[in-house]
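Scroll down for the structure; my scribbles are underneath it.
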Amino acid sequence: MVLGLIIPATAAWAQTPEPTSTTPAEAPRTEPGRLKITATDATGAPVTGASFQLRDATGAESGQGTTDAFGALDLPSLAPGVYRLSQTGAHDTHYARVPDRDVVVTPGATTTVAINVPFQQSKITVRATDARSGRPLSGATVSLRTDDHTITTLTTTVTGTAAYEIPMSHEVTRVWIRQVRPPHGYETSTAERAVTLTAGEPVTISLSFKTEAAAATSSPPRAASPTAPAGGHALRGHTSPNPSPSGTSSPAASRAKRPSTAAEGTLAQTGAGTTSYYAALAGGLLIIGALALVLARRRARRLR
77 MVLGLIIPAT AAWAQTPEPT STTPAEAPRT EPGRLKITAT DATGAPVTGA SFQLRDATGA
137 ESGQGTTDAF GALDLPSLAP GVYRLSQTGA HDTHYARVPD RDVVVTPGAT TTVAINVPFQ
197 QSKITVRATD ARSGRPLSGA TVSLRTDDHT ITTLTTTVTG TAAYEIPMSH EVTRVWIRQV
257 RPPHGYETST AERAVTLTAG EPVTISLSFK TEAAAATSSP PRAASPTAPA GGHALRGHTS
317 PNPSPSGTSS PAASRAKRPS TAAEGTLAQT GAGTTSYYAA LAGGLLIIGA LALVLARRRA
377 RRLR
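My numbering applies: residue 77 is where the sequence shown begins, and numbers increase by one.
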């Protein structure tokens, strides 16, 4: 009986598992990644001296640097993950800063990021003034264009100015400015003016306008139109050397074109002269009539 109890206990002890180690296993290591940045401008030229900063998901800086003479920046030994890339500066003030962007670094690989750095815009201001007083003028409209397309149209406000920021595709650009409509009461000029713009540098263009009355005064006097001779008489066959542009004849020309009963080289009767002529004719007829009456009476007496 005692032997039977001992045997099962010995068997149970022999089946108890041995204790295991509680030390955690090491996680597999991941290879670091690399970020390569290349910066160029709108013309394809490398941008030297552009500074960039890389931050991880917590906002901590993970890398920073400046592009070299080839516009390249290499940031090695980066833990795989998503980063925020920001431009912090530029050596050339003609360049603008690019907006922030997210980049992904993969383990054991090189991530290449191509960045196009734009030129800064150039602000152009148009100022319109009165040529005599210098007073600012509103309502002056001008157009801006390059050699191949129109950029915009500007109209000056009550301050006499209008401004526009022109996107620059090159560091230096030439634009043309032309008057489209002058302020009310001022003369128009169709001349164009060339203006050279540099990225990031403002330019002011001053335009002066003359009033229409001043422009008319400064213009050469017009030749006076010929008039008919004094006294209301015009030579037969005389016409004006400058006919009316509307195609109608002047009064002097109309009188000159009328047929005249006077002999060649004499003056035609016009106006008050015509009235005197008819009065003399009537008087002559009255005298002739009176003489005829007297002669008729005398003849009648003789017949008696």
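We treat Cβ as the ideally placed atom computed from N, Cα and C, and that holds for glycine.
The structure presented is a predicted model; accordingly, all values stated were derived computationally and were not measured.
Item: Contact belief for F128 with S162 at Cβ below 8 Å, rounded distance in angstroms; Value: 7 Å
Item: Run of the beta strand (DSSP E) containing V279, from where it starts to where it stops; Value: V279 to F285
Item: 6 Å Cβ shell around D117 - same chain, five flanking residues per side excluded; Value: V123 and V193
Item: Cut-off 8 Å between Cβ atoms - residues of its own chain near G360, not counting five sequence neighbours on either side; Value: none
Item: R221 beta carbon less than 8 Å from that of V189; Value: no
Item: Host beta strand (DSSP E) of Q163 (start-end); Value: G157 to G165
Item: Three CB pairs or more closer than 8 Å across the stretch 199–218 and the stretch 274–293; Value: yes
Item: At least three beta-carbon pairs within less than 8 Å, the stretch 152–161 to the stretch 246–261; Value: no
Item: Whether D144 touches K112 by CB criterion (8 Å); Value: no
Item: Boundaries (first-last residue) of the beta strand (DSSP E) holding G141; Value: E137 to T142
Item: DSSP bridge partner residues for V189 (one or two, in chain order); Value: I113
Item: Proximity to S219 [Cα-Cα], best of T235, G210, P183 and A239; Value: A239
Item: Between the CA atoms of R173 and F146 - distance to the nearest angstrom; Value: 18 Å
Item: S198 versus I253, D178 and E241, residue with shortest Cα-Cα distance; Value: E241
Item: Secondary structure of V179, DSSP reduced to three states; Value: strand
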